[in-house]
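*Asks:* In my numbering, the protein residues as written are 1164 to 1391. By construction, the Cβ of each residue, glycine as well, lies at the ideal position given by its N, Cα and C atoms. This is the structure, below, for whatever I ask next.
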């Protein structure tokens, strides 16, 4: 037994390493497909083909498409966090920091439309459904990814209140969550570039809106919410 234990441990570690590498390979292939064609209508078969495996192997590593998509979203969130943290560090005053953080969020979303699709696809699902379809470990990683981005924003809001720069009656965490959710919707508007209005009573018309206009609106809206 003493002789066989190290060999058994070695085999388990090697198997775990292979499993982790395969999972990373599948997630990387999913991310590549998302970035090239978007999230809509992507199927497990397409992802498996990109890796050179059959779909059954994908399901050995992930409970389903929702879990795979959630872990792919984690990669986007990590990049978004880095962009938001860098933006916060580049500003001195709280107002400047908030402006740059929101701008970084919009810039990232415009550059990565698949991030917006993936985030919205998961947000429309009821929480109990996600708990049934995504294992505890991946769901924890997803929550940590979202929280890391929200914390950059909520910490800036809290700091602004402490410095007397912001007049905020709501909980900074609540406002950070609201800005994140509304920001995803605004990013969808920026991608569509369509502005609907009423040309005459009962007569709709369609105009255009640019990503730069959406960015400016999001920044000004965030500043307005913390200004007396």
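Closest by CA to residue 1383, which one among 1266, 1240, 1201, 1186?
*Replies:* 1266
*Asks:* Output the distance between the C-alpha atoms of residue 1317 and residue 1338, rounded to the nearest integer angstrom.
*Replies:* Roughly 8 Å between the two C-alpha positions.
*Asks:* Please list the segments of the alpha helix (DSSP H) lying wholly inside the region 1313-1357, counting only runs of 4 or more residues, in order along the chain.
*Replies:* 1335-1355
*Asks:* Compute the Euclidean distance between the alpha carbons of residue 1192 and residue 1278, then round it to the nearest angstrom.
*Replies:* 15 Å
*Asks:* For residue 1371, write down the residues that DSSP places opposite it in a beta bridge.
*Replies:* 1357
*Asks:* Any heavy atom of the ligand FAD closer than 8 Å to the beta-carbon of residue 1200?
*Replies:* Absent from the structure shown: the ligand FAD. Ligands present: none.
*Asks:* Do the CB positions of residue 1238 and residue 1190 come within less than 9 Å of each other?
*Replies:* Contact: yes.
*Asks:* Going straight from the alpha carbon of residue 1234 to that of residue 1376, what length do you get?
*Replies:* 31 Å
*Asks:* Counting Cβ pairs, one atom from each stretch, are 3 or more of them under 8 Å apart for the region 1338-1356 and the region 1306-1320?
*Replies:* yes
*Asks:* Considering Cα atoms alone, identify which of 1186, 1356, 1172 is closest to residue 1276.
*Replies:* 1356
*Asks:* Rounded to whole angstroms, what's the CA-CA distance from residue 1208 to residue 1328? Just pull it up for me.
*Replies:* 52 Å
*Asks:* Going by Cα to Cα distance, which pick from 1335, 1313, 1351, 1225 is closest to residue 1284?
*Replies:* 1351
*Asks:* Beta carbon of residue 1286, beta carbon of residue 1347: below 9 Å?
*Replies:* yes
*Asks:* From what residue to what residue does the alpha helix (DSSP H) around residue 1280 run?
*Replies:* 1276-1286
*Asks:* For the alpha helix (DSSP H) that contains residue 1211, what are its first and last residues?
*Replies:* 1207-1214
*Asks:* Whole angstroms is fine: what's the gap from residue 1264's alpha carbon to residue 1250's?
*Replies:* 5 Å
*Asks:* Helix or strand or just coil, what does DSSP make of residue 1309?
*Replies:* helix
*Asks:* If you run the structure through DSSP and keep just helix, strand and coil, what is residue 1297?
*Replies:* coil
*Asks:* Would DSSP call residue 1363 helix, strand or coil?
*Replies:* In the structure shown, residue 1363 sits in a strand (DSSP, three-state: E or B).
*Asks:* Determine the DSSP secondary structure at residue 1204, reduced to helix, strand or coil.
*Replies:* coil
*Asks:* Could you spell out where the alpha helix (DSSP H) holding residue 1389 opens and where it closes?
*Replies:* Where residue 1389 is concerned, there is no enclosing alpha helix (DSSP H), given that its DSSP letter is neither H nor E.
*Asks:* Report the option in 1358, 1222, 1391, 1200 whose CA atom is closest to the CA atom of residue 1281.
*Replies:* 1200
*Asks:* Consult DSSP for residue 1225 and reduce its assignment to one of helix, strand or coil.
*Replies:* Residue state for residue 1225 is assigned as coil, using DSSP reduced to three classes.
*Asks:* Measure from the alpha carbon of residue 1214 to the alpha carbon of each residue in 1257, 1194, 1247, then state which is nearest.
*Replies:* 1194
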